[in-house]
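Heads up: the sequence shown begins at 1 in this note's numbering, then just goes up one per residue. We treat Cβ as the ideally placed atom computed from N, Cα and C, and that holds for glycine.
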Amino acid sequence: MMWRVLFTGLLAAACALGANVKLYMKDGTSHLVREYQTQPDRIRYYSVERGDWEEVPLEMVDLKRTEAEIQKHETAIKEDAAAQDAEEKALRAARREAERVPQETGAFLVQDDKIQVLKQADRKVVNNKRRSVLKAMSPIPIVSGKSTVELDGVKSAMTVKGERPEFYIRLNAEERFGIIRLKPGKLTRVVQTLNVIPVTNEIIEEQETIEVFRRQIAEGLYKIWAVKPMDPGEYAVVEYTEGKGNIQVWDFSLTK
């Protein structure tokens, strides 16, 4: 009969995967079996508990429930295998993606499926009308009161088109990172305003942060892009430690 052939096929699939199944009886009991065979008037099965072949009349066996259990188990195995396959594919894709990004720390623009290295900007700190040029990794000089971190010029030399450009950032350390909008000055662009508290020298940063999605590609490597479309203007990818005044800046001018 067709249903008996179906049971035999399902059981063969389950046994091929090395799984034990429950052979259910109509009285509510069950036997844990390694395999079973449907014969004209009886079920022959290998008992896991007793380690031997046994037989039971066919009319005592709840084959519908047994079949449902086998199908459920087989579906779960297939779903697990599919999930593992998808995970492996995602990991391979992430490795390939990470290999495309230069190994040095910094920010990188993704445009037309190409990766372009962004130049780190020279920052300047203005304290009471005095300007201090900072080296790439140097913290700000601690001066009580209000200061601003600025970039020379009203427009970046780097032009990026689009409303939601994508960037990679490979971190120098475990720090905060993202995209900020720069405020226009007379001849500069303001990255952030710093308030240095007297005595404690606590630094409070103020900046216009853009809400972004962050996707980790590898250790220390992330892809970031804006949640909402960005208006044309001056922006920067940044990396910094909150309260330390050590912001690193990769500026760009966004156009449509």
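So for residue i, helix, strand or coil by DSSP?
| i | result |
| --- | --- |
| residue 65 | helix |
| residue 59 | helix |
| residue 135 | A caution first: residue 135 carries a pLDDT of 44, below 50, which makes its placement in the model unreliable, though a value can still be read off. Looking at residue 135 - three-state DSSP - the assignment turns out to be coil, as it is neither helix nor strand. |
| residue 81 | helix |
| residue 89 | helix |
| residue 97 | helix |
| residue 252 | strand |
| residue 74 | helix |
| residue 127 | strand |
| residue 145 | strand |
| residue 195 | strand |
| residue 247 | coil |
| residue 110 | strand |
| residue 30 | strand |
| residue 230 | coil |
| residue 190 | strand |
| residue 52 | strand |
| residue 37 | strand |
| residue 185 | coil |
Closer than 6 Å by C-beta to residue i: which residues in its own chain qualify, once you throw out the five before and the five after it? Chain order, please.
| i | result |
| --- | --- |
| residue 105 | 170, 172 |
| residue 16 | Any reading at residue 16 is ruled out, since the residue's pLDDT is 40, under 50, leaving its predicted position unreliable. |
| residue 228 | none |
| residue 241 | 175 |
| residue 258 | No answer is possible for residue 258: it lies beyond the span of the chain, which begins at 1 and ends at 256. |
Identify which residue in the options has its Cα closest to the Cα of residue i.
| i | options | result |
| --- | --- | --- |
| residue 224 | 190, 108, 234, 242 | 108 |
| residue 243 | 58, 194, 250, 252 | 194 |
| residue 115 | 127, 99, 31 | 99 |
| residue 155 | 197, 183, 74 | 183 |
| residue 231 | 181, 188, 27 | 181 |
| residue 120 | 255, 250, 71 | 250 |
| residue 21 | 59, 65, 39, 40 | 65 |
| residue 200 | 84, 145, 90 | 145 |
| residue 185 | 118, 72, 152, 78 | 152 |
| residue 26 | 247, 62, 77 | 62 |
| residue 148 | 86, 188, 254 | 188 |
| residue 122 | 75, 84, 247 | 247 |
| residue 159 | 38, 253, 31 | 253 |
Short of 7 Å in beta carbon distance, which residues of its chain neighbour residue i, apart from the five on each side in sequence? Order them along the chain.
| i | result |
| --- | --- |
| residue 54 | 45, 47 |
| residue 58 | 41, 42, 43 |
| residue 102 | 108, 117 |
Less than 8 Å between C-beta atoms, sequence neighbours within five positions excluded: which residues of the same chain meet that for residue i?
| i | result |
| --- | --- |
| residue 29 | none |
| residue 256 | 161, 162, 163, 232 |
What whole-angstrom Cβ distance do residue i and residue j have, given they're in contact under 8 Å?
| i | j | result |
| --- | --- | --- |
| residue 56 | residue 42 | 6 Å |
| residue 150 | residue 191 | 6 Å |
| residue 177 | residue 222 | 7 Å |
| residue 179 | residue 126 | Contact flag wrong, Cβ pair sits at about 23 Å. |
Evaluate contact between the segment 211-219 and the segment 92-104, counting only Cβ atoms and requiring at least three cross-stretch pairs below 8 Å.
-> yes
Determine, using beta-carbon pairs with one atom in the segment 165-176 and one in the segment 198-208, whether at least three such pairs fall under 8 Å.
-> In this structure the segment 165-176 does not lie against the segment 198-208, because fewer than three pairs of beta carbons, one per stretch, are closer than 8 Å.
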